[in-house]
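Residue numbers (the numbering used here): 12 to 776. Some notes on the structure that comes next.
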Amino acid sequence: MKKYSLFFLSLLLLLIVFSCTEDRNIVVVDDINIIPQPNQITPKEGHFFLSNQTSYNFEDLKLVPIADHFKQQLKELHGLSIGANDASNNMIEMKIDSSLSLGPEGYHLEISKNKIGIAAPSPRGVFYGLQSLLQMLPMSTGGIPNEAINYQIPATEIIDEPAFKWRGLMLDVSRHFYSVAFIKKHLDILSMFKINKFHWHLTDDQGWRMEIKAYPKLTEIGSKRKDDDGSIYGGYYTQEEIKDVVNYARERFIDVVPEFDIPGHMMAALASYPNLACTPKHYEVRTLWGVETNILCAGKEDTYTFMSTVIDEMATMFPYEYYHMGGDETPTDKWKLCSLCQQKMKQYGLANEHELKSYVMAEVEKMLHAHDKKMIGWDEILEGGITSTTNIMSWQGEEGGIKAANAGHDVIMTPSSYLYLNFYQGDLNVEPMAFGGDVPLKKVYQYDPIPHEIEASRQHHILGAQANVWTEYVEQDSMLAYLMYPRAIALSESLWSREHDYEDFLKRLNQLYPKLDALEVNYHIPLPEGPETRTLKFLDSITIPFHTTQPVKMVYTTDGTSPTMDSQVYEGPFTFKKNTTLKIASVLDHGKVSLVNEFKIVKTKPKASLDTIPAGQGLEMSIAKGIFNDPDQINPELFKSAGVIDSLAAANKTYYWGHSIDSTQFKAVILEGMIEIPEEHLYTFSSLQDRIWIGDSLVIDNANSIRKHPKQGMIALQKGFHKLQILYINNIKKGWATDWNTVELQFKKNNDSIYRKVKSNMLYR
12 MKKYSLFFLS
22 LLLLLIVFSC
32 TEDRNIVVVD
42 DINIIPQPNQ
52 ITPKEGHFFL
62 SNQTSYNFED
72 LKLVPIADHF
82 KQQLKELHGL
92 SIGANDASNN
102 MIEMKIDSSL
112 SLGPEGYHLE
122 ISKNKIGIAA
132 PSPRGVFYGL
142 QSLLQMLPMS
152 TGGIPNEAIN
162 YQIPATEIID
172 EPAFKWRGLM
182 LDVSRHFYSV
192 AFIKKHLDIL
202 SMFKINKFHW
212 HLTDDQGWRM
222 EIKAYPKLTE
232 IGSKRKDDDG
242 SIYGGYYTQE
252 EIKDVVNYAR
262 ERFIDVVPEF
272 DIPGHMMAAL
282 ASYPNLACTP
292 KHYEVRTLWG
302 VETNILCAGK
312 EDTYTFMSTV
322 IDEMATMFPY
332 EYYHMGGDET
342 PTDKWKLCSL
352 CQQKMKQYGL
362 ANEHELKSYV
372 MAEVEKMLHA
382 HDKKMIGWDE
392 ILEGGITSTT
402 NIMSWQGEEG
412 GIKAANAGHD
422 VIMTPSSYLY
432 LNFYQGDLNV
442 EPMAFGGDVP
452 LKKVYQYDPI
462 PHEIEASRQH
472 HILGAQANVW
482 TEYVEQDSML
492 AYLMYPRAIA
502 LSESLWSREH
512 DYEDFLKRLN
522 QLYPKLDALE
532 VNYHIPLPEG
542 PETRTLKFLD
552 SITIPFHTTQ
562 PVKMVYTTDG
572 TSPTMDSQVY
582 EGPFTFKKNT
592 TLKIASVLDH
602 GKVSLVNEFK
612 IVKTKPKASL
622 DTIPAGQGLE
632 MSIAKGIFND
642 PDQINPELFK
652 SAGVIDSLAA
662 ANKTYYWGHS
672 IDSTQFKAVI
682 LEGMIEIPEE
692 HLYTFSSLQD
702 RIWIGDSLVI
712 DNANSIRKHP
722 KQGMIALQKG
732 FHKLQILYIN
742 NIKKGWATDW
752 NTVELQFKKN
762 NDSIYRKVKS
772 NMLYR
């Protein structure tokens with residue numbers, strides 16, 4: 012009897028051990044964290060356990076690639092290997108069910124104790140249902156080996172479909188080129204969040220990126236540009252590479268919309284084939300960003316042959332029904348002076364050059380119709396009138412989209428002030444360099460593509476919206492991802508879900524960040540914002556508040572080390588009374604630390620004013636002619652006196668940004684004299700100029716940077732006159748011409764919020 016008692020006791024202990032081990036291997040899914048938020052979620056009783064023992068099945072062979080893709084995702088992200096069989100328990104069933112009352116992208120996901128069922132009217136819907144299921148699985152497994160993981164998923168019913176059928180992202184590969192591998196990686200990520208359009212901006216002034224066999228010089232010449240530092244920048248996609256990307260996107264239910272931007276933004280084509288211009292001559296692929304005045308000649312038959320041939324070859328690469336043909340930013344100066352263009356206008360009774368552009372676009376649309384394609388154009392094409400079948404992409408604002416939709420045209424909204432992801436997503440004083448603007452995450456999330464000005468009966472013409480990433484200042488792959496995410500994810504929910512809750516979105520986003528980490532995606536974390544400059548000066552003490560664009564913990568150090576997730580937590584404004592180096596960063600819930608920003612905090616005292624009496628108003632100007640990049644490499648002997656100027660702006664003529672410059676005026680300018688300070692105070696100065704000295708202090712140093720956004724510097728000054736020296740270099744830096752910057756200097760007292768210009772009455776010599 013004792014033997015049997017010991018046996019049963021041993022057996023009981025063994026069962027307890029196995030039971031505990033199994034419990035330790037369970038990863039409990041507490042919350043349904045899906046982006047975009049499904050439209051209907053109904054909790055049910057019980058749980059489903061997903062593990063390596065789970066199987067899947069389907070009957071429709073169209074689901075084979077979808078199941079294979081899901082299986083691969085499950086393995087790569089969560090270490091699970093599931094197989095196909097006909098088991099009735101612990102299985103994932105996928106099926107196409109045309110009887111469901113859902114649109115083609117909708118799906119029905121039902122999780123019960125024994126089965127996960129995904130049904131949809133189309134394969135696309137099944138794909139989206141699987142992406143929702145995948146998002147429910149957390150990345151954190153508490154150190155459990157992958158092969159032992161057992162996900163406990165709550166029984167749930169989800170019925171879901173999108174609010175808008177166009178949920179897109181545009182990538183400009185002309186200004187900067189990105190590899191096929193990079194594009195594929197981000198197609199993977201976008202598809203996880205049910206983005207379904209990839210608008211591929213392949214041609215522009217700064218580079219032609221698409222192989223056209225009938226016009227080989229487009230890639231031999233047009234794909235390369237000589238940057239301002241003399242280096243050659245280039246790259247293009249072969250037709251086979253394009254087909255590969257298109258097929259890869261198709262497998263992820265993303266439609267690729269190619270853009271062949273005409274008749275403007277064609278400098279790369281004109282550099283390759285000058286005969287396509289109104290005035291044939293030697294052209295070079297544009298180095299500058301902005302808008303080129305040389306465009307395709309609307310009066311030459313060669314132009315129409317060129318466009319038709321390019322479209323013919325594009326039709327072999329891009330099967331999707333929509334093609335984007337640009338039509339934006341088309342200066343017509345050359346057409347006004349071109350006899351062939353004027354003859355074309357007379358021949359067809361066109362009243363002005365806007366109507367001539369509309370004629371060009373209508374001819375291109377006929378070429379597209381021959382391939383059963385539909386044309387999209389930027390909203391500028393409305394200026395001269397459009398055909399009844401033209402579709403509009405509204406970027407300058409919503410006005411073009413409103414006008415087009417009310418007139419019965421289909422519209423994709425992409426207003427720059429809401430959906431340009433090349434714009435800053437936080438304070439430009441702490442964020443990495445971006446194009447400009449201010450498009451934080453919340454602004455993207457809250458965007459509604461249907462303005463109230465659109466008549467109710469015309470609202471169906473709004474197909475949806477897309478975010479655009481122009482890449483003038485996006486040289487690195489990691490920076491492109493930083494700009495895209497999580498804003499593209501926010502847009503996915505804005506366009507899919509019918510109800511929106513930003514705070515809830517942020518909670519779900521926090522749970523999904525580890526998945527982006529696993530995919531090695533660089534994404535934006537809100538940075539601590541507050542000071543304008545990295546060197547903060549004070550007289551007695553300084554109080555510095557910080558904030559972030561989203562609720563997130565901030566951590567800091569003052570011992571010179573970089574902050575970690577375990578560093579001191581910011582709880583309120585700092586007050587400093589001595590010199591300090593402050594390093595501060597943000598930390599997400601799962602411990603990832605943002606970029607670190609460093610601030611030098613320096614005690615100072617007012618600089619003494621000069622005893623010198625000025626000789627008169629104005630500043631002495633000296634000029635060194637030539638192309639200069641590094642201020643430290645300019646030979647002082649090159650500077651020659653150019654007299655006295657009475658205002659800072661007189662140092663150089665300012666040209667309309669993005670358009671013309673005067674390269675014959677490339678030079679370095681030194682302005683010297685005195686500035687009259689109205690009262691003793693601690694001041695902040697702001698300028699786009701290369702260097703600003705006040706007294707013996709270098710207050711602003713923009714040397715070797717892109718002078719697109721002003722830089723600030725602080726200095727304490729006594730009332731009176733102080734020596735002033737300004738270095739201004741007229742050149743091109745990374746596509747930005749300083750001809751577009753007015754030479755000026757602004758200032759404010761440290762406790763003011765508004766800058767004032769340094770005017771002529773403050774300048775003396």
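All C-beta atoms, glycine included, are put in the ideal place defined by N, C-alpha and C.
Cβ pair count under 8 Å reaching 3, the region 488 to 496 against the region 158 to 172: no
Residue from Trp481, Ser428, Pro76, Val485 whose Cα sits closest to the Cα of Asp459: Here residue 459 refers to the residue found at position 448 of the sequence shown. Of the candidates Trp481, Ser428, Pro76, Val485, the one whose C-alpha sits nearest the C-alpha of Asp459 is Ser428.
Option in Ser503, Leu756, Tyr667, Tyr666 with minimal Cα separation from Gln700: Mapped onto the sequence shown, residue 700 falls at position 689. It is Leu756.
In chain order, what are the residue ranges of uninterrupted beta strand (DSSP E) at least 3 long that sit wholly in the region 511 to 595? 546 to 549, 553 to 555, 564 to 568, 585 to 587
Write down the C-beta distance between His187 and Thr425 rounded to the nearest angstrom, noting that I regard them as a contact closer than 8 Å. As a first step, residue 187 is located in the sequence shown; it is residue number 176 there, counting from the start. As a first step, residue 425 is located in the sequence shown; it is residue number 414 there, counting from the start. About 20 Å; that fails the 8 Å criterion.
C-beta atoms of Gly629 and Ile656 nearer than 8 Å: As a first step, residue 629 must be located in the sequence shown, where it is residue number 618. As a first step, residue 656 must be located in the sequence shown, where it is residue number 645. Against a cut-off of 8 Å, the Cβ pair of Ile656 and Gly629 comes out as a contact.
Residue range of the beta strand (DSSP E) that includes Val191: Here residue 191 is taken as the residue at index 180 of the sequence shown, counted from 1. Note, Val191: premise wrong, no beta strand (DSSP E); alpha helix (DSSP H) at 191 to 203.
Through-space distance from His335 to His380, alpha-carbon basis: Position 369 of the sequence shown, counted from the first residue, corresponds to residue 380. Position 324 of the sequence shown, counted from the first residue, corresponds to residue 335. Computed Cα separation, rounded: 13 Å.
Three or more beta-carbon pairs under 8 Å between the region 521 to 541 and the region 496 to 511, yes or no? yes
Identify, in the order they occur along the chain, each residue of the same chain with its Cβ nearer than 6 Å to the Cβ of Ser400, setting aside the five sequence neighbours on each side. Here residue 400 refers to the residue found at position 389 when the sequence shown is read from its first residue. According to the sequence displayed, residue 400 carries Thr and not Ser. Taken in chain order, the list of residues that qualify is empty.
Sort out for me which residues DSSP pairs Ile107 with in a bridge. By one-based count along the sequence shown, residue 107 stands at place 96. In the DSSP output, where bridge partners are listed per residue, Ile107 has Ala131.
Which word fits Ser92, buried or exposed, when buried means at least 16 other C-beta atoms lie within 10 angstroms of its C-beta? Numbered from 1 along the sequence shown, position 81 holds the residue referred to as residue 92. Flag for Ser92 reads exposed.
Spatial neighbours of Gly233 within its chain, please: CB distance less than 8 Å, with the 5 preceding and 5 following residues excluded, ordered by chain position. Counting from 1 along the sequence shown, the entry for residue 233 is found at position 222. Within the same chain, Gly233 has close Cβ partners Gly218, Trp219, Ala279, Ala280, Ala282, Ser283, Val296.
State the Cα-Cα distance for the pair Lys453 and Glu394, rounded to the nearest angstrom. By one-based count along the sequence shown, residue 453 stands at place 442. By one-based count along the sequence shown, residue 394 stands at place 383. Distance between the alpha carbons of Lys453 and Glu394 is about 33 Å.
For Ile413, which three-state DSSP category applies? Within the sequence shown, residue 413 is the residue found at index 402, counting from 1. Of the three classes helix, strand and coil, the one that applies to Ile413 here is helix, per DSSP.
Below 8 Å on the Cβ atoms is my contact criterion, and I expect Thr572 with Gly724 to pass it. Report the Cβ-Cβ distance as a whole number of Å. Along the sequence shown, one-based indexing puts residue 572 at 561. Along the sequence shown, one-based indexing puts residue 724 at 713. Their Cβ separation, rounded to whole angstroms, is 26 Å, which puts Thr572 and Gly724 out of contact at 8 Å.
Could you compute how far the alpha carbon of Glu33 sits from the alpha carbon of Asn63? If you number the sequence shown from 1, residue 33 lands on position 22. If you number the sequence shown from 1, residue 63 lands on position 52. Residue placement at Glu33 is flagged as unreliable, the pLDDT there being 47, under the threshold of 50; the coordinate-derived value follows with that caveat. Between Glu33 and Asn63, the C-alpha separation is close to 14 Å.
Sorted by chain position, which residues of the same chain lie with C-beta nearer than 7 Å to Glu222's C-beta, five sequence neighbours on each side aside? As a first step, residue 222 is located in the sequence shown; it is residue number 211 there, counting from the start. Only Thr230, Tyr247, Tyr248, Thr249, Gln250 meet the Cβ criterion.
Host beta strand (DSSP E) of Glu469 (start-end): Along the sequence shown, one-based indexing puts residue 469 at 458. At residue 469 the sequence reads Arg, which differs from the Glu that was named. Looking at the DSSP string, Arg469 is not in any beta strand (DSSP E), and its letter there is neither H nor E.
Which one or two residues does DSSP pair with Pro269 in a beta bridge? Residue numbering aside, residue 269 sits at position 258 when the sequence shown is read from its first letter. Paired residues: Trp211.
To the nearest angstrom, report how far apart Glu172 and Ser110 are at their CA atoms. Residue 172 sits at position 161 when you count from the first residue of the sequence shown. Residue 110 sits at position 99 when you count from the first residue of the sequence shown. Roughly 15 Å between the two C-alpha positions.
Sorted by chain position, which residues of the same chain lie with C-beta nearer than 6 Å to Met356's C-beta, five sequence neighbours on each side aside? For the purposes of this step, residue 356 is taken as residue 345 along the sequence shown, with counting starting at 1. So the qualifying residues of the chain are Leu367.
Which term fits Leu599, buried or exposed, when burial requires 16 or more other beta carbons within 10 angstroms of its beta carbon? Numbered from its first residue, the sequence shown carries residue 599 at position 588. With 16 or more Cβ atoms within 10 Å of its Cβ, Leu599 is classed as buried.
Between the C-alpha atoms of His471 and Arg178, what's the straight-line distance to the nearest angstrom? Within the sequence shown, numbered from 1, the residue matching residue 471 stands at position 460. Within the sequence shown, numbered from 1, the residue matching residue 178 stands at position 167. Roughly 15 Å separates the two Cα atoms.
Ile638, buried or exposed, once every other Cβ within 10 Å from all chains shown has been counted against 16: Residue 638 sits at position 627 when you count from the first residue of the sequence shown. Ile638 should be labelled exposed.
From the beta carbon of Ser698, is the nearest beta carbon of chain C less than 8 Å away? Among the chains of the structure shown, chain C does not appear; only one protein chain is present.
Check whether the region 139 to 150 touches the region 71 to 89, taking contact to mean three or more Cβ pairs, one atom from each stretch, closer than 8 Å. yes
Going by DSSP, name the residue or residues bridged to Thr695. In the sequence shown, counting from the first residue as 1, residue 695 sits at position 684. In the DSSP output, where bridge partners are listed per residue, Thr695 has Met725, Lys759.
Residue range of the beta strand (DSSP E) that Ser405 falls in? Reading the sequence shown from its first residue, position 394 is the one you call residue 405. Per DSSP, Ser405 belongs to the beta strand (DSSP E) from 402 to 405.
Can you name, in chain order, every residue of its own chain whose Cβ lies under 8 Å from the Cβ of Val485, other than the five neighbours on each side? Taking the first residue of the sequence shown as 1, we reach residue 485 at position 474. These residues qualify, in order along the chain: Arg186, His187, Asn433, Leu491, Leu494.
Counted within 10 angstroms of its Cβ, other Cβ atoms place Tyr739 as buried (16 or more) or exposed: Numbered from its first residue, the sequence shown carries residue 739 at position 728. Tyr739 comes out buried.
What whole-angstrom Cβ distance do Phe138 and Ile77 have, given they're in contact under 8 Å? The count along the sequence shown starts at 1 and reaches residue 138 at position 127. The count along the sequence shown starts at 1 and reaches residue 77 at position 66. Correct: roughly 5 Å between the Cβ atoms.
Pairwise C-alpha distance: Ser369 and Gln353: In the sequence shown, residue 353 corresponds to position 342, counting from 1. In the sequence shown, residue 369 corresponds to position 358, counting from 1. So the alpha carbons of these two residues sit roughly 14 Å apart.
For Lys311: DSSP bridge partner residues: Along the sequence shown, read from residue 1 onward, the residue named residue 311 stands at position 300. Note: Lys311 sits in no beta bridge, so no partner.
Could you spell out where the beta strand (DSSP E) holding Phe60 opens and where it closes? Taking the first residue of the sequence shown as position 1, residue 60 is located at position 49. Here the beta strand (DSSP E) through Phe60 covers 51 to 61.
Presumed contact (8 Å Cβ cut-off) between Thr568 and Gln579, rounded CB distance: Position 557 of the sequence shown holds residue 568. Position 568 of the sequence shown holds residue 579. Right, their Cβ atoms sit about 7 Å apart.
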